[in-house]
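Note sheet for the following structure.
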Amino acid sequence: MVLDFEAIISLLEEGGQIATSMQHNLEVKRKSDGSFVTNADIKVSDFITENLSKITPTIPVISEEDHSIHFVGKKFWLLDPIDGTKHYVKGKDNYAINLALVDKHVPIIGFVYHPATKTLFFNNEDKVKKIVNGKESIIQPVEGKLKILMPDNQKNSAKIYERPDLFAQVPPSSNANRLAMVINGDIDVYYVSKMLMEWDTAAAHSILQQIGGDIMDKQGNTLVYGKPLFGNSDLIVCSKRAMDNKEMILRFA
Numbered sequence: 012m013v014l015d016f017e018a019i020i021s022l023l024e025e026g027g028q029i030a031t032s033m034q035h036n037l038e039v040k041r042k043s044d045g046s047f048v049t050n051a052d053i054k055v056s057d058f059i060t061e062n063l064s065k066i067t068p069t070i071p072v073i074s075e076e077d078h079s080i081h082f083v084g085k086k087f088w089l090l091d092p093i094d095g096t097k098h099y100v101k102g103k104d105n106y107a108i109n110l111a112l113v114d115k116h117v118p119i120i121g122f123v124y125h126p127a128t129k130t131l132f133f134n135n136e137d138k139v140k141k142i143v144n145g146k147e148s149i150i151q152p153v154e155g156k157l158k159i160l161m162p163d164n165q166k167n168s169a170k171i172y173e174r175p176d177l178f179a180q181v182p183p184s185s186n187a188n189r190l191a192m193v194i195n196g197d198i199d200v201y202y203v204s205k206m207l208m209e210w211d212t213a214a215a216h217s218i219l220q221q222i223g224g225d226i227m228d229k230q231g232n233t234l235v236y237g238k239p240l241f242g243n244s245d246l247i248v249c250s251k252r253a254m255d256n257k258e259m260i261l262r263f264a
C-alpha cells in the first residue's frame, strides 16, 4: 500500500490549527484515570479520524479519545490528538499530535507534529525527516558524552552519583516534548517511570527505530503494540548512541 504522505501531513497541520485556535477557549474535564480531556482533544480526534478514514479506508483508527475498537487487526492507526493535554490546558506550547501506522504489532510509520512551532518529525520507507515551517531541517545528534534524562521522581537516585556527568537537566516539560528531544538529538535517553499508553509512544518509536534508536522496557525488550489495554510503564527511550551502550543504559534503569 502506498500512503499519501502529503495528504496525511496536511491533515495533521489542519488538526494543529484546530488545537491552537481552541487553546484559550477550553472545556476541561477529568477522565476516570484522573487525566485531563478537553473539547479540543475531542474535536481534533474526530477531525483526524474522519478524514484519515477517507485516505486509508481499510485501516481502522484507534484514538486516545475513542479506543472502543476492541479487535485490533494486523494493521491499524494509533492517534493521540493532543499529547501533553495537561500542559496544553495551562497554555503552554509543548504538546503534539502523534499518529502512527502499526503493522503486526510494530509501528512502521510515525508522525509527530508540534502545532505551536509547526515542527514535524516523520519517517517513511527511506529516512526520517524534520520539517519546520514547511522547510526541511537537519537533525543534529548530541555530541560528546551521552545525555540522560531521569524521571522527575528519581532525580536524587543513587544511580546518578555513579556518573553525574551523563545526566541532563531540562526544565519540566511534557512527554511529547521529551520524546521529541530524543528524536532531535538533544538528549540520548529518557527514562519514563509513569504509565504511558501506546498512542503516546508509537509515532516516536517508529521514527527512532529508523535512525537506530528504540523504546524498550527495563528488561531491554522492545515495545509491541496492539495489546488489550494499550498500556506500558517503566520505559526507556533511546537514541542510536544509547542503543550502542545498551548494557549501561539498562543498568541505570
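Numbering-wise, the sequence shown is residues 12 to 264 according to my numbering.
Built from N, CA and C at the ideal position, the CB exists for glycine as well.
Based on the DSSP output, what are the partners of residue i in its beta bridges?
i, result
"Tyr124", "Ile108 and Leu131"
"Arg41", "Phe47"
"Ser74", "Asp77 and Leu90"
"Ser184", "Looking at the DSSP assignment, Ser184 forms no beta bridge with any residue, so it has no partner."
"Lys141", "Phe132 and Ser148"
"Leu160", "Tyr201"
Residue i: which of the options sits nearest, CA to CA?
i, options, result
"Asp104", "Ile70, Arg189, Ser250 and Leu177", "Arg189"
"Phe16", "Lys140, Tyr202 and Val248", "Lys140"
"Thr49", "Val13, Leu23, Tyr99 and Thr60", "Tyr99"
"Trp88", "Met254, Ser217, Lys101 and Gly223", "Ser217"
"Gly45", "Val55, Thr96 and Leu90", "Thr96"
"Gln28", "Asp137, Ser43 and Ala107", "Ala107"
"Lys229", "Ile53, Ala51 and Ile260", "Ile260"
"Ser74", "Glu61, Ala30 and Lys85", "Glu61"
Alpha carbon to alpha carbon, how far is residue j from residue i? Give it in angstroms, no decimals.
i, j, result
"Gly156", "Tyr124", "Per the sequence presented here, residue 156 reads as Lys, with Gly not at that position. Cα to Cα, the separation comes out at about 28 Å."
"Ile66", "Asn109", "17 Å"
"Glu76", "Phe122", "18 Å"
"Gly145", "Asp114", "28 Å"
"Phe58", "Gln221", "28 Å"
"Ala111", "Asp137", "16 Å"
"Ile120", "Asp91", "14 Å"
If you drop the 5 nearest sequence neighbours on each side, which residues of the same chain put their C-beta closer than 8 Å to that of residue i?
i, result
"Pro152", "Gly196, Ser250, Lys251 and Arg252"
"Ile198", "Val153, Lys158, Ile159, Leu160, Ala179, Val181, Arg189, Met192 and Ser250"
Would you say residue i touches the ligand ADP, meaning its beta carbon is less than 7 Å from a heavy atom?
i, result
"Ser56", "This structure does not include the ligand ADP; it has no bound ligands of any sort."
Please go through the same chain and pick out, in chain order, the residues whose beta-carbon is closer than 6 Å to the beta-carbon of residue i, but skip the five residues on each side of it.
i, result
"Thr130", "Val143"
In chain order, each beta strand (DSSP E) run of at least 3 residues that lies wholly inside the region 199 to 244: For the region 199 to 244, the full-length beta strand (DSSP E) segments reaching 3 residues or more read 200 to 208 and 225 to 228 along the chain.
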